[in-house]
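Chains as they are written, first to last, in my numbering: chain P, 199 to 311; chain H, 11 to 122.
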């Protein structure tokens, strides 16, 4: 039972344009969300987080948006750079009830120079 | 230079053999985790430890065992009972349980 879903296995974007990666979740108790970036044969690197008290969090070129009513979050990368090419995972947890993190299956982003 | 180290990078297991994957962190984090990644799947939690001398099963603990005798170390043993051990294994740690997790570089386990 996949509680966190990333329905797009891959995404290609031109350099300089916006990349939008999407993530949906089913558990309405989830209140803390993370995005990770992963290169092949390496561990995931933490990118950005958001808690359910916010609907947006920004860090440089990365912005995460949370729509609690739709149980949907998205990661925007602007402008996209070739070095952003990687697999992006979202993760969610019900932080204040001690629930574990659940990870999506990942979206492979390719930024075309 | 703080971080999480995993060794070895690649590990080969023969049928019926137990193997142990190492995970060490010098971040002074209380919580540590083991995940397994298979192609086309997300990370699945094997075991986690919120504090020294304590650990809990995750979603796919069968065929695995762990210990947490020291704060900085959380080794994972893949036993012969794990029938499909070929995967990429990731160790992570966080300051406290449920805080943001930071990952090691991973160990790829292959069965001969």
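We put the beta carbon where it would ideally sit given N, CA and C, even for glycine.
Would a check of beta-carbon distances place residue 287(P) closer than 8 Å to chain H?
Start at 1 with the first residue of the first chain, and residue 287(P) comes out as number 89. Yes, contact with chain H.
Using a Cβ-Cβ cut-off of less than 9 Å, give me the residues of the region 96-108 of chain H that come near chain P, in sequence order.
In summary, the residues of the region 96-108 of chain H whose CB is separated from some CB of chain P by less than 9 Å are 98, 100, 101, 102, 107, 108, in the order they occur in the chain.
Nearest residue (CA-CA) to residue 216(P), options 292(P), 277(P), 294(P), 311(P)
On the first chain, residue 216(P) is found 18 positions in, with the first residue counted as 1. Selected option, being the one with the closest Cα: 277(P).
Which residues, taken in chain order from the region 220-247 of chain P, show a beta carbon closer than 8 Å to some beta carbon of chain H?
Within the region 220-247 of chain P, the qualifying residues are 230, 232, 234, 239, 240, 241, 242, 243, 244, 247.
Sorted by chain position, which residues of the same chain lie with C-beta nearer than 7 Å to residue 311(P)'s C-beta, five sequence neighbours on each side aside?
Looking up residue 311(P) in the first chain gives position 113. Taken in chain order, the residues that qualify are 213, 280.
Counting only Cβ pairs nearer than 9 Å, list the residues of chain H close to residue 258(P).
Start at 1 with the first residue of the first chain, and residue 258(P) comes out as number 60. Those do not exist, as residue 258(P) stays about 17 Å from chain H at its closest Cβ, beyond 9 Å.
Length of the line joining the Cα atoms of residue 249(P) and residue 294(P)
Taking the first chain and counting its residues from 1, the one referred to as residue 249(P) is at position 51. Taking the first chain and counting its residues from 1, the one referred to as residue 294(P) is at position 96. Going from the Cα of residue 249(P) to the Cα of residue 294(P) covers about 11 Å.
Residues of chain H with CB closer than 9 Å to the CB of residue 293(P), please, in chain order.
Within the first chain, residue 293(P) is the residue found at index 95, counting from 1. What residue 293(P) touches in chain H: 108, 109.
Cβ of residue 116(H) less than 8 Å from any chain P Cβ?
Residue numbering aside, residue 116(H) sits at position 106 when the second chain is read from its first letter. Residue 116(H) counts as touching chain P.
Hey, does residue 74(H) have any beta-carbon neighbour from chain P nearer than 8 Å?
Working through the second chain from its first residue, we reach residue 74(H) at position 64. Chain P, which has no Cβ nearer than 8 Å to the Cβ of residue 74(H), makes this no.
Chain H contact residues for residue 303(P), given Cβ-Cβ distances below 9 Å:
Here residue 303(P) corresponds to residue number 105 of the first chain, with the count starting at 1. Those within 9 Å of residue 303(P) in chain H are 50, 51, 52.
By how many angstroms is the C-alpha of residue 62(H) removed from the C-alpha of residue 210(P)?
Within the first chain, numbered from 1, the residue matching residue 210(P) stands at position 12. Within the second chain, numbered from 1, the residue matching residue 62(H) stands at position 52. Cα-Cα distance, rounded: 44 Å.
For residue 232(P), is the classification buried or exposed, using 16 other Cβ atoms within 10 angstroms of its Cβ as the cut-off for buried?
What you label residue 232(P) is simply residue 34 of the first chain in a count that begins at 1. Residue 232(P) should be labelled buried.
Taking its Cβ as the centre, do 16 or more other Cβ atoms sit within 10 Å of residue 116(H), making it buried, or is it exposed?
The residue given as residue 116(H) occupies position 106 in the second chain. Buried, by the Cβ-count rule.
Residue range of the beta strand (DSSP E) that residue 261(P) falls in?
Taking the first chain and counting its residues from 1, one reaches residue 261(P) at position 63. Boundaries of the beta strand (DSSP E) around residue 261(P): 260-265.
Quick one: list the residues of chain H neighbouring residue 262(P), beta-carbon separation under 8 Å, in chain order.
Translated into positions along the first chain, residue 262(P) becomes position 64. Those do not exist, as residue 262(P) stays about 13 Å from chain H at its closest Cβ, beyond 8 Å.
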